[in-house]
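What follows is a single structure, written as structure tokens, with notes after it.
In the working numbering, the protein residues as written are 406 to 1065.
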């Protein structure tokens, strides 16, 4: 790996570590096959025995769990932040910025859009024009009439589309700051004059195009029907930063960061409405002579052309496509997706299962979920979800797995180890902090105690040689005290001053007397002497590197970053192929059943759950219901819960296998 690649990875990992959210819990394995596999549990890099004692499951004589049911969505969590929404009379689409969802029934039900053209892309703009929907992904523009199948309609001569607007029979786009008009006859784009300006917001009143200039202050307008038309400055709108325009008849509105302006003469003159108008408007929508203004502090409505305003608490609404109208309902993209029946209807939150649930953790009789939107808890198999109580100012790391040991749930918060004595309903922070600053990245449970992984920068004073390293801490008294331990890894990086560093460890499990560790980008390691020394684990050529471990009795399985699951019968000394070709992002052990959640956290694709009743010797696919990756697994009661990317949490009923 080159130094520049290391630096990019180090920066990426550092950003991921700093952006805290929630956690995934692992509990000791209750397999009666012997060995110490029951105590292995780790975070994002390595998976440990999870389920077992901390999971309330059907009482089975064989301890093997099977199901004949299919996965179905639970009630949530439903807390995803939506940024944009667009609607035709038949289809509504909404995006969280990284995933697109659609509704064919006015917002009653929603599904994830899985089209290859859209899936996993960052949505830079969306808009509706007649029966057509348009979506931009920074690189391309796509058009659809049903929200599921999409056709590329980009102009090959330009890139970076980021704004759409419609007025009557005309539809416009901005790309690289330049304006374009949609030609219905040719299904293509026609370049409009720029007059050496670049724009970031643009709307039409039917006669003129109005646009905010990026590099010159103020609003400019272009007469659409004039030959050889040029953009001219609007004298009454000279300030910087206009973000929204709206027009009907001779009346129009323009908003910058601080004021709303109004014209009553077709744009010839403009005047500020006054201090009663909302500030920082991001989007306007006019419905039945009612003016809606989306802001960072909520939604404002005026029924008298801006003279008076009423506020609806929601938000923040942050984009120029925050509002939409399908002819029957109004939609607002805020912390959630909201809907109102008509211009004067009340707003209600829609249940759109769009959360990316990176963590599911069994915690006593409950399961905790973690996502960028927060930490939630269920005690009824996903029928209801409630916020987890955390110390003030502390969030749960959603990219890191927690663990349960001796009746206490341990999790990682923002620079704190958190503990819960009430099955994850609430957490308190332990006082421990590493002597040298670093980011706490994972927890693990081994025979000797609880292991805490802390990552920090390596070569931070070098301009061309930077990476990440780590230090492991061990607590033998339930988290009261911690000491540096298991640091016998070989050096894998040397900085510009000649200082050497061990790899950035991100997961740990125990199998028998052996310890197995995963790292960010230096491969897995194995130790036979409690971490005093470590040797690399090397698979056959082309098999990739193991990035997740799970123990079940005396067997340990590992997931490869290249796809496939490998199995070891000698505590990680040698490995054999177990499940070919499938990228596994998470494991779960329940009794003598091993589950694997399929899906790569870095690649978009369908997800599924596999299971094995013979410690990974063979596998069967449990379900193919998911349109997105499976990121977390946990058991609560008689339900197996699966956390997915962009589709929240699903559940399936478990039952005991018949005895043979």
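Idealized CB from N, CA, C, for every residue including glycine.
Close Cβ partners of residue i (< 6 Å) along its chain, the five nearest in sequence each way excluded
{"i": "residue 355", "result": "Since the first and last residues shown for the chain are 406 and 1065, residue 355 lies out of range."}
{"i": "residue 440", "result": "At residue 440, the pLDDT of 33 sits below 50, so the modelled position is not reliable and the matter cannot be decided from this model."}
{"i": "residue 921", "result": "914, 931, 954, 977"}
{"i": "residue 783", "result": "772, 790"}
{"i": "residue 678", "result": "665, 667, 711"}
{"i": "residue 662", "result": "646, 685"}
{"i": "residue 838", "result": "none"}
For residue j and residue i, believed in contact at Cβ under 8 Å, the rounded distance
{"i": "residue 910", "j": "residue 954", "result": "Actually they are not in contact, since the Cβ atoms of residue 910 and residue 954 sit about 12 Å apart, beyond 8 Å."}
{"i": "residue 625", "j": "residue 639", "result": "7 Å"}
{"i": "residue 835", "j": "residue 848", "result": "About 11 Å; that fails the 8 Å criterion."}
{"i": "residue 829", "j": "residue 1044", "result": "16 Å between Cβ atoms; not a contact."}
{"i": "residue 1061", "j": "residue 463", "result": "5 Å"}
{"i": "residue 862", "j": "residue 871", "result": "7 Å"}
{"i": "residue 990", "j": "residue 1005", "result": "6 Å"}
{"i": "residue 844", "j": "residue 822", "result": "The Cβ separation is near 13 Å, so there is no contact."}
{"i": "residue 538", "j": "residue 491", "result": "6 Å"}
Residue i - DSSP class collapsed to helix/strand/coil
{"i": "residue 1061", "result": "strand"}
{"i": "residue 812", "result": "coil"}
{"i": "residue 566", "result": "strand"}
{"i": "residue 446", "result": "A caution first: residue 446 carries a pLDDT of 35, below 50, which makes its placement in the model too unreliable to give a value."}
{"i": "residue 431", "result": "Unreliable placement is indicated for residue 431, whose pLDDT of 33 sits below 50; no coordinate value is reported for it."}
{"i": "residue 613", "result": "strand"}
{"i": "residue 1015", "result": "strand"}
{"i": "residue 531", "result": "strand"}
{"i": "residue 926", "result": "coil"}
{"i": "residue 915", "result": "strand"}
{"i": "residue 548", "result": "strand"}
{"i": "residue 454", "result": "Because residue 454 carries a pLDDT of 37, less than 50, the predicted location of this residue cannot be relied on, and the following value inherits that uncertainty. Note: residue 454 maps to coil in three-state DSSP."}
{"i": "residue 643", "result": "coil"}
{"i": "residue 664", "result": "coil"}
{"i": "residue 1044", "result": "strand"}
{"i": "residue 1073", "result": "With the chain covering only 406 through 1065, there is no way to say anything about residue 1073."}
{"i": "residue 723", "result": "coil"}
Buried or exposed (CB count within 10 angstroms, at least 16 for buried), residue i
{"i": "residue 589", "result": "exposed"}
{"i": "residue 865", "result": "exposed"}
{"i": "residue 1048", "result": "buried"}
{"i": "residue 701", "result": "exposed"}
{"i": "residue 826", "result": "exposed"}
{"i": "residue 545", "result": "buried"}
{"i": "residue 890", "result": "buried"}
{"i": "residue 473", "result": "exposed"}
{"i": "residue 961", "result": "buried"}
{"i": "residue 981", "result": "exposed"}
{"i": "residue 797", "result": "exposed"}
Contact check, residue i vs residue j, beta carbons under 8 Å
{"i": "residue 736", "j": "residue 497", "result": "yes"}
{"i": "residue 653", "j": "residue 689", "result": "no"}
{"i": "residue 765", "j": "residue 774", "result": "yes"}
{"i": "residue 762", "j": "residue 1027", "result": "no"}
{"i": "residue 649", "j": "residue 693", "result": "no"}
{"i": "residue 564", "j": "residue 542", "result": "no"}
{"i": "residue 952", "j": "residue 937", "result": "no"}
{"i": "residue 769", "j": "residue 824", "result": "no"}
{"i": "residue 907", "j": "residue 875", "result": "yes"}
{"i": "residue 622", "j": "residue 644", "result": "yes"}
{"i": "residue 647", "j": "residue 609", "result": "no"}
{"i": "residue 673", "j": "residue 714", "result": "no"}
{"i": "residue 1038", "j": "residue 1012", "result": "no"}
{"i": "residue 743", "j": "residue 752", "result": "yes"}
{"i": "residue 949", "j": "residue 927", "result": "no"}
{"i": "residue 530", "j": "residue 493", "result": "no"}
{"i": "residue 517", "j": "residue 1033", "result": "yes"}
{"i": "residue 571", "j": "residue 1057", "result": "no"}
{"i": "residue 1016", "j": "residue 992", "result": "no"}
8 Å CB neighbourhood of residue i in its chain, flanking five on each side removed
{"i": "residue 484", "result": "740, 741, 760, 776, 778, 779, 781"}
{"i": "residue 482", "result": "760, 762, 774, 776, 778, 779, 781, 790, 1053, 1054"}
{"i": "residue 635", "result": "598, 600, 627"}
{"i": "residue 1022", "result": "972, 983"}
Contact set for residue i: own chain, Cβ-Cβ below 7 Å, skip 5 residues either direction
{"i": "residue 619", "result": "582, 603, 604, 605"}
{"i": "residue 668", "result": "656, 657, 674, 675"}
{"i": "residue 595", "result": "585, 586, 588"}
{"i": "residue 703", "result": "716, 717, 718, 719, 720"}
{"i": "residue 488", "result": "500, 501, 502, 723, 724, 738"}
{"i": "residue 642", "result": "623, 624, 659, 666, 675"}
{"i": "residue 756", "result": "483"}
is_contact[residue i, chain B] using C-beta, thresh 8 Å
{"i": "residue 560", "result": "Absence of chain B from the displayed structure is noted, only one protein chain being present."}
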